[in-house]
Amino acid sequence: MWNMFLLETLVSVLLGFALFSLIDAFGRKRKNREPPLIKGWIPYIGKALEFGRDPSRFLAALKKEYGDIFTVRIAGKYITFIMNPNLYPAVIKHGKQLDFHEFSDQVSPRTFGYPCIRSSKFPGLDDQIQRSYQLLKGENLNTLAQSMVENLELVLQQDHHTQGSQWRTDELYGFCCRVMFEATFMTLYGQPSQGSRHTHIAALTEKFKKFDAVLPLLIAGVPISLLGAAKAAREELKRFLLPQRLASMLAPSRFIQDRVNMFEQYHMLGDLDKAGHHFTILWASVGNTVPATFWAVYHLLMQPEALDAVREEIRCVLLPSQQEVGSNVVPILTRERMDRLLLLDSAVSESLRLSAASMNIRVAQEDFTLLLAPDLPVDLRQGDIVALYPQIMHMDPEIFEEPQSYRFDRFVEDGQQKRKFGKSDQKLTYCCMPFGSGSTKCPGRYLAMLEIKQFLCLILLCFEVELLDPQKQVGLDQSRAGLGILLPDTHVSFRYRCRPM
Ligand code: HEM
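As structure tokens, this is what we get:
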């Protein structure tokens, strides 16, 4: 009886699959000026599994076989990849027919838990949100930078001060996460009404890590209710950002204050929806910054000559006289001084080049011809996705000599910042894109670079820091490929102590 039932089920599944394949065989066919089409043999899923395993390797193999432009079916979507960075400007500047928000409107609300705001229920809200990003630049950035450095000093001083010659050991990613999470949180959302630190911050950081770990699954469309403790973690994080709670915090950034006021105008948004928006910003502000900070520290610790050169530059620029810095001397970390740290800037950019794997996505709003170059028209269909995958460019030996190696001074030339690189005798408009591109480029990029550099300055000047096992191989965990900065694939232990006076 049981066997009969199993057999019946198997036959229905096979018949269903055969039917699906048959329909699929009559499905999309490549038309004349469309790019080569790679559908894979599994209906709907297409090449999703191979792509998910290691996108960079998968795309590099397809590029070898099909050239610079091809369309791949991935989980029911048709994605046209543009692999040659010389062609990127044509995609990035093509704002009208290639839209970013259609994609983010689908993904963000279900990931962070709020209703889609680009609807008639919330007139003008999207424009106001875009305008609020201005508050992450200019004069406001000076204030944010000042507040961030004070918060970093507070956390490092209170939690990580060591006595005398005593070493403390820790795990590097966890260390970066705890310090950056708390300092960023206070910088953006403000201080508690009582005491100098939020009492639940350690628990909150753990909840954040839990949520962050399932982010790729959420973005892929897996319902949060199937993801164990992640749902409770998200709800708890959101509850911490409810309007009445935010109202009790002291000295929030203008950026967050502006958003609080903006959401108050929309009565159709419930308190938890507003908290969902604040939570999105919390994730955006630390989700990539923490791994980026980890890699910036890790690479420097792995290369003593880089560490010495960067530390020497920091010392020369930031310390008023040739004094040594110890736990009681605070270096002057104004934005103007930070901007003079060329080697530090280059070292951070280099670690971003090696660890960034975000996919830049646009959706075709109608059937149209995308002119990638005067003699390179490509037909696209409405709903098709056009994607750039800059990680391949970051690893292109024609652009970056020995791309796998970490060269801390790669972005400095003749005492100046070097931003121009070329390929096939052509200067590239875009060569390093950890922060995305065009109109959707990360609005927090200036703050992110400043925060990471401030963290490095304080760590390198105030502490002695060493990896415990510098021989250990540390690679990139691919599970977040396509979404931003990749995490390390293993734990890294290190030790630190305050520098002697
Ligand atoms: C190393 C750190 C960071 C990296 C690598 C990074 C990267 C990115 C990327 C790749 C995007 C999408 C851009 C696109 O699709 O074209 C993005 C969007 C965004 N980022 Fe960042 N980011 C970082 C830090 C920050 C910080 C500190 C903030 C501060 C609030 C922030 C706020 C945002 C926001 C609000 C968006 C959405 C913009 C929109 O919807 O138009 N990011 N980021």
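Numbering (the working numbering), first residue to last: 2 to 502. Where a beta carbon is used, it is the ideal one built from N, C-alpha and C, also for glycine. These numbers come from a predicted model, not from an experiment.
Check	Outcome
Separation of PHE59 from GLU51, as counted between CA atoms	7 Å
C-alpha distance - ASP259 paired with ASP272, whole-angstrom precision	16 Å
Nearest neighbour of PRO292, chosen from HIS95, ARG354 and ASP385 [CA to CA]	ARG354
Straight-line Cα distance separating SER406 from LEU459	26 Å
Residues that DSSP places opposite SER359 in a beta bridge	GLY483 and LEU484
Under the three-state DSSP convention, the category ALA203 falls into	helix
Any 3 or more C-beta pairs closer than 8 Å across the stretch 242-254 and the stretch 181-198	yes
Three-way DSSP call (helix, strand, coil) for PRO305 in this model	helix
Assumed close pair LEU461, ILE315 - CB separation to whole angstroms, cut-off 8 Å	6 Å
Classification of ASP385 by the beta-carbon crowding that lies within 10 angstroms, buried from 16 upward	buried
Whole-Å CB distance - PHE101 paired with THR441, under 8 Å assumed	4 Å
Selection from ARG54, ASP274 and PRO444 that minimises the alpha carbon distance to ALA285	PRO444
CYS443 CB to nearest heavy atom of ligand 3 below 6 Å	Looking at this structure, you won't find ligand 3 anywhere; what it does contain is ligand 1.
Neighbour-count burial assignment, CYS317, 16 or more Cβ in a 10 Å radius	exposed
Counted within 10 angstroms of its Cβ, other Cβ atoms place ALA482 as buried (16 or more) or exposed	buried
C-beta contact flag for PHE412 and SER350 at 7 Å	yes
Through-space distance from ASN152 to ALA204, alpha-carbon basis	18 Å
Option nearest PHE113 by Cα separation, candidates PHE209, GLN455 and LEU247	PHE209
Buried or exposed by the 16-neighbour rule on C-beta atoms within 10 Å, applied to ASN262	exposed
Delimiting residues of the alpha helix (DSSP H) encompassing GLU236	231-240
Alpha carbon of GLU399 to alpha carbon of GLN427, nearest angstrom	11 Å
MET181 vs THR281 beta-carbon contact at 7 Å	no
Of the listed residues HIS492, LEU484 and ASP490, nearest to PRO217 (C-alpha basis)	LEU484
Length at least 4, wholly inside the stretch 145-230: the alpha helix (DSSP H) runs in chain order	173-190 and 202-220
Meets three-Cβ-pair contact criterion under 8 Å: the stretch 81-90 and the stretch 371-390	yes
Residues of its chain near GLY437, where Cβ-Cβ distance is below 8 Å and the 5 sequence neighbours each way are ignored	SER359, ASN361 and CYS443
heavy atom of ligand 1 below 6 Å from GLY139 C-beta	no
Ligand 1 heavy atom lying under 6 Å from the CB of LEU63	no
Identity of the residue in PHE212, SER57, THR294 and CYS499 nearest GLY229 by Cα	PHE212
ASP274 beta carbon less than 7 Å from that of TYR115	yes
Nearest candidate by alpha-carbon position, reference LYS94, set VAL466, LEU372, SER425 and LEU381	LEU372
Three-way DSSP call (helix, strand, coil) for PHE409 in this model	coil
Distance, VAL466 Cα to GLU414 Cα	28 Å
Through-space distance from ARG29 to TYR299, alpha-carbon basis	47 Å
Start and end residues, beta strand (DSSP E) containing THR81	78-83
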